[in-house]
Amino acid sequence: MYLCNNCGKQFTRVCSLKRHLTESCSGNEGPTSKKFRLEKMSSASTINEGASTSRVNERPSTSNNAGVICNCCNKMISSNTQVSHWRTLQHRTNACVDFMPGVQLIQTAFKSRIASYRVHSEHRYSDYKIFFESIKNKVIHLLSEAIKIHKAVKVNMELFGRYILQTQEIVDNKSFNTTNKVIDSAADLNDVFYVFVDIMTTQMSEFQERDSGWALQYIMYVEVNVNKFSGFGGSSYIKLPYSIEKKTAVVNVHNQDQCCFLWAIISALHPVRETASDVSSYPHFSTLLDIEGMTFPVKLRDIPKFELRNNISINVYTLESNFENDKIVYRVVGPLYFSQKKLHIHINLLLITNECGNSHYCWIKNLSRLVSSQISNSQHKKYFCDGCLLYFGNQNLLFQHQQNDCNHLCTSTPSAEIKKNKYGAYVPGNILKFVNFEKQLEVPFVVYADFESVLKPIDTCEPNPQYSYTNRTFRHEPYSFAYIIKCSYNDSLSKFELYRGANAASVFVNKIENDLTRIYENYLKPIIPMEHLTREKEYDLNRAEACGICEKPFLEGEQRVKDHCHLTGKIRFHAHSTCNLNYKIPNFIPIIFHNMSGYDCHMFIKELFSDKKNADVIAQSKEKYISFTKYLHVDTYIDKKACLTKKFLKLRFIDSFKFMASSLQNLGENLRSDLFHETRKYFPDESQFRLMRQKGVFPYSFVDNLDKLNLKYLPSKEQFYDNLSETHIKDVDYERAQKVWNLFGCHTLGEYSDIYLKSDVLLLCDVFQNFRKICFENYKLDPTQYFTAPGLAWDAMLKLTNVELELLTDIDMVHLLKRGVRGGISQCSERKHIANNIFLPNYNADEPSSFIMYLDATNLYGHSMSQALPTGGFTWLTENEISTFDITQIPDDGPQGFILEVDVYYPQELHDMHSDLPFLVENMVPPNSKSKLKKLIPNLNDKINYVVHYKNLQQAIKNGLVLKKIHRVLKFNQSCWLKKYIDLNTKMRNGALNKFEKRFL
């Protein structure tokens, strides 16, 4: 170790120490010191938003895209990507400085951020309960100090854990964050802390259930972000948007002071018919309202004080704007503030804002008229809930909703009104069925790609052993790439490209954009004329009785047309005219990487979007993407309005791992040899093919600089050691690497790298092309039209079952079903039991006899989904129908099903018998728990207002529980509509010819 005498930090290399002394040592007072230094501050000045020491790299005033130096990371950052860089885990780690024992201050440049802290435990824990107890006092102290200075702040927390995927030897950091929560001096910080803990631990549990295989190694730390909170406040006059003003539902007083809130209240208390916007039309607020101690403009957090002083209840809404059909459309949303108790004098206010960020309060004199058109075009009278802006057919339904189900959040539900869909058919807006017929089209061009990178070591100081830390060892710099463009209708148009050299990321972007632009110009843009049919083919085509796209029969008088492929000119079938118009070649080309989200996208994404043009991103987390799309300008045309318009081709980057969650090595091993079409084409020699049909090995950790690619020999087996997984390769793998080197006549390690990369890309192409083939054969859908396997499976289900599902339009039904959602139960289970019986060699006759039985259900989910499920016809039973309702007489798989809200008595004499697994598990806060988060707990308590499916209730009653009262019953039509899809997949899985097919069916 090498010690810095100035600051005490330790280094593993002398060169690292020298660079530290000249560039970043905090003890170096010379003019060459570049690293940001945080001087010793009091706790108050540390979190003061005005303290200059709490910021690094203040945003420069620049109008171009010039880069700026991030002093924390010692790297050049584009001014347009500063915010993204500041959010990365790498920057936040580099920006940490010690603040107090167990706490580091993260130097931040976000203008709204007061301070960010990284809170560590003294030890590494895998038990989150012990971890959070160890840091609780530190977090509460930080929040307390922030509130002392700023009165009220917005706080969120993010938990970081180290996880390992043991099946693939992958180690990764995962984070779980909360939303912002406003806290002030009245908040119980202990409760606030445990609310955050509950949210993060729940996310951890859900992650491990959702992403099976990830195991927590240890909890690293928690980051606490303290942000400014100013609240919403209304000030001087702002004009209403015309579309809102013309509804004459809002009174907007034209005040010149900062008291628009009070003028809005006065306009509601003393309404006038004319000159309602004139201040002189009303008495002055000071003569009627108690405003002692209030400050202006009034913020949302100040409203409770006003309500209490004036015996008035208030709700506050706002406007949301969207650009639709070439115009701005405003919708009322909220409530931003909802009164805890509705009083005799109740007033609804509208808070509007302008481009400058100023706000203004108005009085909503008719809420129904204001929001009616945004919810329904029906002219019937509507009874609106001012808590969620939903409407009901009568006052009684509204009252029941407000008493039981309103969540005080603006909510929208599907409408049953008849609407015209994209195929020209008029259908109810709340019917869900398969409509994505265009996804039956095979995408004509697909790109499969991969990168190789050199792993350059990162010199860092020795981490503090008292804190959890992430040890960054290498920086990945791409040096080569390969891709194959696969054409589905003419294989002669397929192309393979490989490059190794400088600026690999930039070259990749340029080459792929040039190739795909050429493909658009030569093949996608031209329309090949329709082929001429012989008399026999014409006759066969005219005999068709159903549309070749939607598969629905042609009705008398319906227009039918010949559908032909624009790429080949071949006539496919007869189709409805509207179906044919929407059955178009997709305006995107998929570019597929394996594990793109976790690795490859970081290689080239900056170069891909260096032109700062439009991009679509589907994010999975802060640093991972499900997909991203670049719009490539390929043409210009005159649109319907005689305007010159640019034509864009979408380059859609997707991750094959989202469809096939396994390593490329395992995927290749599951594929039959005769299915490696691309690998066979590029490696026709049988000896070469046998080596290339499986994933190769490469000494990634050894190649830490580009010079090593010039080595004229294959590194030794020891040099294939993987530093990340800390494993050596097997002897058989190294022998195969030697065979590849000799058989292909490699002269340098770079040439070996080219073969390794080429085989990887061809392997990915073969694997995914076979996956496409399986999906076409069984579902008649192309996976490259989708982003993930769940989206593909959802459409496949709708298409194969041909089901039409009715979506709920009654929000009370939605809330009832949400209350009936169940999941995995929380219980204390016996982890270990030792059997003792006469069949065992260590049987002890003096101990009680006991046995162990292991039970597991085969195809549990498949069986459940094959049962009768709701399809539609959702209605409430009337009180008369409920009074004669007999739950015991309903057949299991009858045409109608029921979900009930009931009271159930659990007889005392059943408690001992049912104690291991009681019926009717319940969402509740565990007894004696500090947490406020509900868990699904089996218990022997009586059930009040319990929501349950009729089959579960029948089972409970048969086993002795007593039904005391039925509050509500939701009736629906049901059938085993999903069974067809489940059975088909089960049958195909059982009949699969190889492991590859079996894995994906």
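Under this note's numbering, the first residue of the sequence shown carries the number -4, and numbering increases by one thereafter. By construction, the Cβ of each residue, glycine as well, lies at the ideal position given by its N, Cα and C atoms.
For this session: For P865, I'd like the list of residues in its chain whose CB is within less than 6 angstroms of its CB, leaving aside the five on either flank, ordered along the chain.
Result: If you number the sequence shown from 1, residue 865 lands on position 870. Excluding residues within five positions, the ones whose Cβ falls inside 6 angstroms are F967, Q969.
Problem set entry | Chain-order list of residues whose beta-carbon lies under 7 angstroms from that of K946 (same chain, five-residue window excluded) | Taking the first residue of the sequence shown as 1, we reach residue 946 at position 951. If we look at K946 and ignore the five residues flanking it on each side, its Cβ neighbours are D887.
Problem set entry | Proximity of I523 and C560 at Cβ, strictly below 9 angstroms | Position 528 of the sequence shown, counted from the start, is the residue given in the question as residue 523. Position 565 of the sequence shown, counted from the start, is the residue given in the question as residue 560. Their beta carbons are under 9 angstroms apart, which means I523 touches C560 by this criterion.
Exercise. How close, in whole Å, do the beta carbons of C351 and L235 come, if the pair is a contact with beta carbons under 8 angstroms?
Worked result: The count along the sequence shown starts at 1 and reaches residue 351 at position 356. The count along the sequence shown starts at 1 and reaches residue 235 at position 240. Contact between C351 and L235 fails: their C-beta atoms lie close to 16 angstroms from each other, not under 8 angstroms.
Problem set entry | Whole-Å CB distance - D285 paired with N310, under 8 angstroms assumed | In the sequence shown, counting from the first residue as 1, residue 285 sits at position 290. In the sequence shown, counting from the first residue as 1, residue 310 sits at position 315. About 20 angstroms; that fails the 8 angstroms criterion.
Problem set entry | F697 and L787 closer than 9 angstroms at C-beta | In the sequence shown, residue 697 corresponds to position 702, counting from 1. In the sequence shown, residue 787 corresponds to position 792, counting from 1. No, these two residues do not count as a Cβ contact at 9 angstroms.
Exercise. Does the beta-carbon of S475 have 16 or more other beta-carbons within 10 angstroms, so that it is buried, or is it exposed?
Worked result: Mapped onto the sequence shown, residue 475 falls at position 480. Classified as buried, S475 has 16 or more neighbouring CB atoms from the shown chains inside 10 Å of its CB.
Exercise. Roughly how many whole angstroms lie between the Cα atoms of Y976 and E801?
Worked result: Numbered from 1 along the sequence shown, position 981 holds the residue referred to as residue 976. Numbered from 1 along the sequence shown, position 806 holds the residue referred to as residue 801. Approximately 19 angstroms between the Cα atoms of the pair.
Exercise. Could you give the distance in angstroms between the alpha-carbon of L752 and the alpha-carbon of F127?
Worked result: Here residue 752 is taken as the residue at index 757 of the sequence shown, counted from 1. Here residue 127 is taken as the residue at index 132 of the sequence shown, counted from 1. Cα-Cα distance, rounded: 45 angstroms.
For this session: Enumerate, from N- to C-terminal direction, the unbroken alpha helix (DSSP H) stretches of 4 or more residues contained entirely within the segment 132 to 212.
Result: Correct list: 184 to 205.
Exercise. What are the boundary residues of the beta strand (DSSP E) that K645 is part of?
Worked result: The count along the sequence shown starts at 1 and reaches residue 645 at position 650. Residue range 639 to 650 is occupied by the beta strand (DSSP E) that includes K645.
Exercise. Excluding the five sequence neighbours on either side, which residues of its own chain have a C-beta within less than 8 angstroms of the C-beta of Y158, listed in chain order?
Worked result: Sequence index remark: in the sequence shown, residue 158 carries index 163 (1-based). Excluding residues within five positions, the ones whose Cβ falls inside 8 angstroms are V166, D167, N168, K169, W209, A210, L211, Q212.
Problem set entry | Cβ neighbours of S107 in the same chain (closer than 7 angstroms, five flanking residues each side left out) | Your numbering for residue 107 matches position 112 in the sequence shown. With a pLDDT of 48 at S107, under the threshold of 50, the modelled position of this residue cannot be trusted, and the question is left open.
For this session: Name the one or two DSSP bridge partners that E842 has.
Result: Here residue 842 corresponds to residue number 847 of the sequence shown, with the count starting at 1. Answer by DSSP bridge pairing: none, since E842 is not bridged.
For this session: Identify, in the order they occur along the chain, each residue of the same chain with its Cβ nearer than 8 angstroms to the Cβ of Q554, setting aside the five sequence neighbours on each side.
Result: The residue given as residue 554 occupies position 559 in the sequence shown. These residues qualify, in order along the chain: H571, S572.
For this session: May I have a chain-ordered list of the alpha helix (DSSP H) segments no shorter than 4 residues that lie completely inside the segment 297 to 384?
Result: Correct list: 298 to 305, 362 to 370.
For this session: Would you list, in sequence order, the uninterrupted alpha helix (DSSP H) runs of no fewer than 4 residues that lie entirely inside the segment 916 to 964?
Result: Counting whole runs of 4 or more residues, the segment 916 to 964 contains the alpha helix (DSSP H) stretches 945 to 953.
Exercise. With a CB to CB cut of under 6 angstroms and the five nearest residues on each side skipped, what residues in its chain are close to M860?
Worked result: Numbered from 1 along the sequence shown, position 865 holds the residue referred to as residue 860. Closer than 6 angstroms at Cβ, skipping near neighbours: L973, I977.
Exercise. Start and end of the alpha helix (DSSP H) containing R667?
Worked result: Within the sequence shown, numbered from 1, the residue matching residue 667 stands at position 672. Annotation for R667: no alpha helix (DSSP H) segment contains it, and DSSP assigns it neither H nor E.
For this session: State whether the segment 386 to 401 contacts the segment 410 to 420, with contact taken as three or more CB pairs (one from each stretch) at a distance under 8 angstroms.
Result: Counting Cβ pairs under 8 angstroms, fewer than three are found: no touch.
Exercise. Between the beta-carbon of L365 and the beta-carbon of V246, is there less than 9 angstroms?
Worked result: Indexing the sequence shown from 1 puts residue 365 at position 370. Indexing the sequence shown from 1 puts residue 246 at position 251. At the C-beta level, L365 and V246 stay beyond 9 angstroms of one another.
Exercise. Where DSSP assigns a beta bridge to N968, which residues make up the other side?
Worked result: The sequence position of residue 968 within the sequence shown is 973, counting from 1. G867, Q891, per the DSSP bridge assignment.
Problem set entry | Three-pair Cβ contact test at 8 angstroms for the segment 586 to 604 versus the segment 645 to 652 | Counting Cβ pairs under 8 angstroms, three or more are found: they touch.
For this session: Please work out which residues of its chain come closer than 7 angstroms, Cβ to Cβ, to D728, disregarding the five sequence neighbours upstream and downstream, and give them in chain order.
Result: In the sequence shown, the residue the question calls residue 728 occupies position 733. Taken in chain order, the residues that qualify are V692.
Exercise. When the Cα atoms are used, what is the spatial distance from F671 to A541?
Worked result: Translated into positions along the sequence shown, residue 671 becomes position 676. Translated into positions along the sequence shown, residue 541 becomes position 546. Computed Cα separation, rounded: 37 angstroms.
Exercise. Going along the chain, which residues of its own chain have a beta-carbon closer than 8 angstroms to the beta-carbon of G986, five neighbours each way excluded?
Worked result: In the sequence shown, counting from the first residue as 1, residue 986 sits at position 991. Excluding residues within five positions, none has a Cβ falling inside 8 angstroms.
For this session: Leaving aside the five residues before and after H265 along the sequence, list all residues of the same chain whose C-beta is less than 7 angstroms from its C-beta, in chain order.
Result: Position 270 of the sequence shown holds residue 265. The residues are Y277, P278.
For this session: For K520, count neighbouring C-beta atoms within 10 Å of its own C-beta (all shown protein chains included) and say buried if the count is 16 or more, exposed if not.
Result: In the sequence shown, residue 520 corresponds to position 525, counting from 1. Classification of K520: exposed, given that the 10 Å Cβ count is below 16.
For this session: Give me the Cβ distance between E433 and K547, rounded to the nearest whole Å; I'm assuming they're in contact under 8 angstroms.
Result: Position 438 of the sequence shown, counted from the first residue, corresponds to residue 433. Position 552 of the sequence shown, counted from the first residue, corresponds to residue 547. Actually they do not touch by this definition, with Cβ atoms about 16 angstroms apart.
Problem set entry | Range of the contiguous alpha helix (DSSP H) that encloses L627 | Walking along the sequence shown from the start, residue 627 turns up at place 632. L627 -> not in any alpha helix (DSSP H); beta strand (DSSP E) instead, spanning 620 to 633.
Exercise. Helix, strand or coil: how does DSSP classify M997 here?
Worked result: With the chain running from -4 to 996 in the structure shown, residue 997 is simply not present.
Problem set entry | Sequence ranges, alpha helix (DSSP H) only - wholly within the segment 792 to 835, length at least 4 | The DSSP assignment places 806 to 814 as complete runs of the alpha helix (DSSP H) inside the segment 792 to 835, in order along the chain (cut-off: 4 residues).
Exercise. Does the beta-carbon distance from A732 to Y708 come in below 9 angstroms?
Worked result: Residue numbering aside, residue 732 sits at position 737 when the sequence shown is read from its first letter. Residue numbering aside, residue 708 sits at position 713 when the sequence shown is read from its first letter. Taking 9 angstroms as the cut-off, the beta carbon of A732 is found no closer than this to the beta carbon of Y708.
Exercise. Does DSSP put L776 in a helix, in a strand, or in coil?
Worked result: Here the question's residue 776 lines up with position 781 in the sequence shown. Looking at L776 - three-state DSSP - the assignment turns out to be coil, as it is neither helix nor strand.
Exercise. For the putative contact between I342 and A263, defined by C-beta atoms under 8 angstroms, what is the C-beta separation to the nearest angstrom?
Worked result: Taking the sequence shown and counting its residues from 1, one reaches residue 342 at position 347. Taking the sequence shown and counting its residues from 1, one reaches residue 263 at position 268. Taking 8 angstroms as the upper bound for CB-CB distance, I342 and A263 are in contact here, some 5 angstroms apart.
Exercise. Who are the near neighbours of I724 in its chain, counting only those whose CB is closer than 6 angstroms to its CB and skipping five residues on each side?
Worked result: Within the sequence shown, residue 724 is the residue found at index 729, counting from 1. Here the set comprises V692, F715.
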